[in-house]
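Okay, so here's the structure we're looking at.
Residue numbers (my numbering): 47 to 226.
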């Protein structure tokens with residue numbers, strides 16, 4: 047089973063994945079591309095992270111059971127958000143250009159977990175305006191079956207324990223009908 051945990055910054059993705067991995071060690075953890083891709087600020091960084099996240103999902107050597115922090119839709123959503131906020135001149139063009147790669151990668155995903163930004167408050171230096179715009183854009187993109195393919199979508203809110211229980215239940219329900 048391939049799981050992607052998506053959400054805007056400071057929504058508890060790392061915490062959920064870490065807690066899940068402790069209970070399901072058969073899942074390989076793919077860290078946040080933000081921590082692995084050094085592309086500088088702005089839309090170029092989001093494109094680089096999108097490509098990195100897509101390429102790892104398309105890698106034929108990827109283990110059968112993985113949980114990834116962020117996927118290509120996250121970075122499409124950031125590009126859409128900076129365009130909506132008027133922060134980049136060509137971000138809409140980048141969204142259009144990178145959508146095909148994102149869709150190919152998402153075709154490899156079984157479960158897309160969307161974390162609501164409501165559980166964690168952020169200070170001003172975390173750019174709450176971008177955070178909100180990205181969260182809205184991510185929900186819009188996740189509603190497009192051309193981008194999400196056949197991935198099951200699970201929206202989670204609430205405290206970490208509630209989120210973990212819901213994810214574990216979804217995976218157990220899926221696992222009972224499929225081999226990992």
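Think of the CB as a built atom: it goes at the ideal place given N, C-alpha and C, for glycine as much as any other residue.
| request: Taking only the alpha-carbon atoms, compute the straight-line gap between residue 150 and residue 100 and give it to the nearest angstrom. | output: Within the chain shown, residue 150 is the residue found at index 104, counting from 1. Within the chain shown, residue 100 is the residue found at index 54, counting from 1. When rounded, the distance between both Cα atoms is 8 Å.
| field | Close-in-space but distant-in-sequence residues of the same chain around residue 192 (CB under 7 Å, 5 per side omitted) | value | By one-based count along the chain shown, residue 192 stands at place 146. Contacts found: 149.
| query | If we call anything under 8 Å between Cβ atoms a contact, is residue 199 one with residue 160? | reply | Here residue 199 corresponds to residue number 153 of the chain shown, with the count starting at 1. Here residue 160 corresponds to residue number 114 of the chain shown, with the count starting at 1. In this structure, residue 160 lies closer than 8 Å to residue 199 by Cβ.
| message | What does DSSP give as the partner residue(s) for residue 227 in the beta ladder? | response | Outside the shown range of the chain (47 to 226) lies residue 227, about which nothing can therefore be said.
| task | Answer with buried or exposed for residue 69, where buried requires no fewer than 16 other C-beta atoms within 10 angstroms of its C-beta. | result | Translated into the one-based positions of the chain shown, residue 69 becomes position 23. Burial call: exposed.
| Distance between residue 143 and residue 62 (C-alpha atoms, nearest Å) | Counted from its first residue, the chain shown places residue 62 at position 16. Counted from its first residue, the chain shown places residue 143 at position 97. Cα to Cα, the separation comes out at about 31 Å.
| field | Three-pair Cβ contact test at 8 Å for the segment 172-191 versus the segment 72-89 | value | no
| query | Less than 8 Å separating the beta-carbons of residue 55 and residue 133? | reply | Locating residue 55 in the chain shown gives position 9, where the first residue counts as 1. Locating residue 133 in the chain shown gives position 87, where the first residue counts as 1. It is not a contact, given that the beta carbons lie outside the stated cut-off.
| task | Please state whether DSSP places residue 63 in a helix, a strand or coil. | result | On the chain shown, residue 63 is found 17 positions in, with the first residue counted as 1. In the structure shown, residue 63 sits in a helix (DSSP, three-state: H, G or I).
| request: Determine the burial state of residue 215: buried for a count of at least 16 other Cβ atoms within 10 Å of its Cβ, exposed for fewer. | output: Indexing the chain shown from 1 puts residue 215 at position 169. It is exposed - the Cβ of residue 215 has fewer than 16 other Cβ atoms within 10 Å.
| Nonlocal neighbours in the same chain, by C-beta distance under 8 Å from residue 203, ignoring five residues either side | Taking the chain shown and counting its residues from 1, one reaches residue 203 at position 157. Cβ within range, chain order: 161, 162, 164, 165, 209.
| Is the beta carbon of residue 126 less than 8 Å from the beta carbon of residue 183? | For this step, residue 126 is matched to residue 80 along the chain shown. For this step, residue 183 is matched to residue 137 along the chain shown. Yes.
| said: Restricting to Cα atoms, I'd like to know which of 123, 118, 155 is closest to residue 110. | reply: What you label residue 110 is simply residue 64 of the chain shown in a count that begins at 1. The shortest Cα separation from residue 110 among 123, 118, 155 belongs to 155.
| So, using beta-carbon positions, are residue 112 and residue 167 closer together than 8 Å? | Numbered from its first residue, the chain shown carries residue 112 at position 66. Numbered from its first residue, the chain shown carries residue 167 at position 121. No, the pair does not count as a contact, with Cβ atoms beyond the cut-off.
| For residue 131, the first and last residue of its enclosing alpha helix (DSSP H) | For the purposes of this step, residue 131 is taken as the residue at position 85 of the chain shown. Counting along the chain, residue 131 falls outside any alpha helix (DSSP H), and DSSP gives it neither H nor E.
| message | Suppose you measure from the CA of residue 181 to the CA of residue 121; what does that come to, to the nearest Å? | response | Translated into the one-based positions of the chain shown, residue 181 becomes position 135. Translated into the one-based positions of the chain shown, residue 121 becomes position 75. Using only the alpha carbons, I get a separation of about 11 Å.
| Where does residue 203 fall in DSSP's three states? | The residue given as residue 203 occupies position 157 in the chain shown. Three-state result, residue 203: coil.
| query | Since residue 193 is in the alpha helix (DSSP H), which residue starts that stretch and which ends it? | reply | Working through the chain shown from its first residue, we reach residue 193 at position 147. Residue 193 -> alpha helix (DSSP H) spans 191-194.
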